[in-house]
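A.B. asks: Have a look at this one before I ask anything.
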Amino acid sequence: MILFFDTETTGFFNDRQPVDHPSQPHLVQLAASLCEDDGPEVMSISLIVNNAVPIPVQASNVHKITTEIAAARGIDLAMAVDVFGHLYRLADTVVAHNIKFDKGIMEAAIARRHGAIRTLNKPLFCTMEAASPILNLPPTERMLAAGFDKPKPPKLEECIRHFFDESLEGAHDALIDVAACRRVYFHLKTLEGAA
């Protein structure tokens, strides 16, 4: 089975710090979809998480979850991590768009929940990395200034536009992003089969 997941957070994951460092951002929303290998969905979740920490305005402007919304509607981090753990145990492959970010966020959440680092070590697939050479977007000025002359990693919205000629309404809601990631993944698999 395949587990698709996405996270919304209080900020950007810092891969220069350990996942259990106190400065790592907190999980604000977790969505996941467990699917059969050929596509049918078995179950899905979309959870707002109440970490009892302030959500910066810059972050809530992106995902629309404020500190007040998380406090009023969110579930405890332990419950969110435990539900994710159940889905993860059922999966053979784990998929996300920019999986390095989401993997780091979940490992930080797991470390907060259990007081120990537990690595997500099942086979991983990143739709952003897989789609990058296909979309072949020009590098940004910032990338060029940093010495990276390779295609810009495509946003999920850019993948949906390229592959399906559609806009992605409601991006940065984790459940909408999971559904879009799932579409992109199975489309990439059909392209592999055609090659």
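The numbering of the sequence shown is the numbering used here, which starts it at 4 and goes up by one.
Ideal Cβ positions, reconstructed from N, Cα and C, are used throughout, including at glycine.
1. Please look up how many angstroms separate the CB atoms of THR13 and ALA62, rounded, as I've assumed it's under 8 Å.
2. By Cβ distance, which residues of its chain are closer than 7 Å to MET46, with the 5 residues on each side in sequence left out?
3. Quick one: which unbroken beta strand (DSSP E) runs of 3-plus residues sit fully inside the region 60–116? Chain order, please.
4. When the Cα atoms are used, what is the spatial distance from ARG92 to CYS162?
5. Taking the Cβ atom as the reference point for each residue, do ILE5 and THR96 lie within a distance shorter than 8 Å?
6. Exposed or buried, which one is ASN53 when buried takes at least 16 other CB atoms within 10 Å?
7. For the putative contact between LEU127 and VAL86, defined by C-beta atoms under 8 Å, what is the C-beta separation to the nearest angstrom?
8. Assuming VAL22 contacts ILE68 under a Cβ cut-off of 8 Å, what Cβ separation, rounded to an integer in Å, is found between them?
9. Taking 7 Å as the line, does the beta carbon of SER47 fall inside it for any heavy atom of the ligand GDP?
10. ARG185: buried (16+ other C-beta within 10 angstroms of its C-beta) or exposed?
11. For ASN101, which residues of its own chain have a beta-carbon under 8 Å away from its beta-carbon, when the five flanking residues on both sides are left out?
12. If I'm right that ALA174 touches THR10 with Cβ under 8 Å, what's the distance once you round it to whole angstroms?
13. Drop a sphere of 10 angstroms on the beta-carbon of PHE16, count the other beta-carbons inside from all chains shown, and report buried for 16 or more, exposed for fewer.
C.D. replies: The short version:
1. 5 Å
2. LEU37
3. 96–99
4. 29 Å
5. yes
6. buried
7. Between VAL86 and LEU127 the Cβ distance is about 20 Å, and since that is not below 8 Å, they are no contact.
8. Wrong, their Cβ atoms sit about 22 Å apart, outside the cutoff.
9. What this structure holds is no ligand at all, so the ligand GDP is not there to describe.
10. buried
11. CYS129, MET131 and PRO156
12. Not quite, the Cβ-Cβ distance comes to about 14 Å (not below 8 Å), so this is no contact.
13. buried
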